[in-house]
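Residue numbering for the sequence shown follows our numbering, beginning at 333 and increasing consecutively.
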Amino acid sequence: MPSPHPTILAPSVLAGDHACLAPAIETAANASAQWLHLDIMDGHFVPNLSFGPQTVADLRKRNKTLYFDTHLMLANPDKHIEAFIKAGSNNVTVHVEPDYDIAETLRRIRTLGAYRGIALNPGTPAEAARPFLRDVELVLVMTVWPGFGGQSFIEDTLGKIRQLDRWRAEDELAFRLEVDGGIDLQTAPRCKAAGVDTLVAGTAFFKSPDPAAFLRAIETPGD
Ligand code: DX5
Ligand code: ZN
């Protein structure tokens with residue numbers, strides 16, 4: 333089905349220079365990105381550590397207008413949502429896999445003034461997100477196992493993407509459908525054809541010789 337939303341590319345600063353992320357945010361803004369993807373990792377839910385709310389707050393000081401798309405890869409996401417929203421996150425996406433009260437956490441995200449997202453690892457079926465589809469603005473399908481940038485796109489996530497897109501149309505829902513991991517000029521059109529409207533790219537965007545052209549190629553309708 334065609335998505336109800338225009339396509340957005342969200343550059344992931346995970347692929348930037350972590351000793352100095354300011355140039356990464358400038359690269360995204362100069363390429364006319366509207367969103368910036370922030371990957372938060374705790375070394376428990378995923379086998380890597382990234383950065384926390386202080387970094388998000390400092391990035392927010394550098395740029396007041398980018399939509400901060402915040403992906404919490406945490407064993408206890410419920411403990412940290414408020415800190416990220418206070419730091420300037422526009423949305424907060426939490427995974428379905430850890431053991432916590434997901435419905436209550438989504439309610440709190442909205443009450444605290446941010447938009448809500450639910451994320452699925454590559455091994456998690458679409459059905460796991462179904463109870464929450466009416467209560468989120470975004471569904472994130474991981475197209476690599478989360479933890480590291482620069483991995484290859486996992487092909488068999490496309491079936492899950494199509495399923496979520498079908499439910500969105502059948503149930504007249506309006507969540508954005510986002511993919512994250514291994515997105516480049518080859519994989520992006522295939523995801524878009526499957527119903528995706530929101531694409532995260534770390535390596536392919538920041539290593540591109542022309543990030544603005546990369547962004548335009550992905551956001552242009554019809555491919
Ligand atoms: C992986 C992260 C991704 C990552 C994508 O755990 O959630 O957002 O930055 O990076 P690339 O685009 O390099 O696969
Ligand atoms: Zn991510």
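Note that CB positions come from ideal geometry on N, CA and C, so glycine has one too.
Inset, instruction - Whole angstroms is fine: what's the gap from Arg548's alpha carbon to Leu490's? - result: In a straight line, the C-alpha of Arg548 is about 23 angstroms away from that of Leu490.
Legend entry - Ser344 beta carbon near the ligand DX5 (any heavy atom closer than 8 angstroms): yes
Legend entry - Strand pairing of Trp367, partner residues [DSSP]: Tyr399
Legend entry - Thr397 versus Ala342 - alpha carbon distance: 14 angstroms
Legend entry - CA nearest to the CA of Gly534, picked from Ile486, Ala351, Asp371: Asp371
Legend entry - Residues whose Cβ lies closer than 5 angstroms to any heavy atom of the ligand ZN, in chain order: Asp371, His403, Asp512
Legend entry - Leu406 in three-state terms, based on DSSP: coil
Inset, instruction - Say yes only if the C-beta of Ile515 is nearer than 8 angstroms to one or more non-hydrogen atoms of the ligand DX5, and no if none qualify. - result: yes
Inset, instruction - With a threshold of 8 angstroms, establish whether the CB of Phe537 neighbours any heavy atom of the ligand DX5. - result: At least one heavy atom of the ligand DX5 is nearer than 8 angstroms to the Cβ of Phe537, so yes.
Inset, instruction - Entirely within the segment 428-513 and at least 3 residues each: give me those beta strand (DSSP E) ranges in chain order. - result: 447-452, 470-474, 508-512
Inset, instruction - Give me the Cα-Cα distance between Leu557 and Arg498, rounded to the nearest whole angstrom. - result: Not covered by the structure: residue 557. The range shown for the chain is 333 to 555.
Legend entry - Beta-bridge pairing of Ser344 - partner residues as DSSP gives them: Per DSSP, His369.
Legend entry - Opposing strand residues paired with Ala533 [DSSP bridges]: Pro343
Legend entry - Beta-carbon gap between Ser335 and His369 smaller than 9 angstroms: no
Inset, instruction - Indicate whether Glu414 and Phe377 have their beta-carbon atoms separated by less than 9 angstroms. - result: no
Legend entry - Buried/exposed call for Asn423, threshold 16 Cβ in 10 Å: buried
Inset, instruction - Flag Gln483 as yes when its Cβ comes closer than 8 angstroms to any non-hydrogen atom of the ligand DX5, and as no otherwise. - result: Yes, Cβ of Gln483 sits closer than 8 angstroms to a heavy atom of the ligand DX5.
Inset, instruction - On a CA-only basis, which of Cys352, Ala360, Ala356, Pro385 is nearest Ala545? Give me that one, please. - result: Looking only at Cys352, Ala360, Ala356, Pro385, the smallest Cα-Cα distance to Ala545 is reached by Ala360.
Legend entry - First and last residue of the uninterrupted alpha helix (DSSP H) at Thr552: Per DSSP, Thr552 belongs to no alpha helix (DSSP H) and is neither H nor E.
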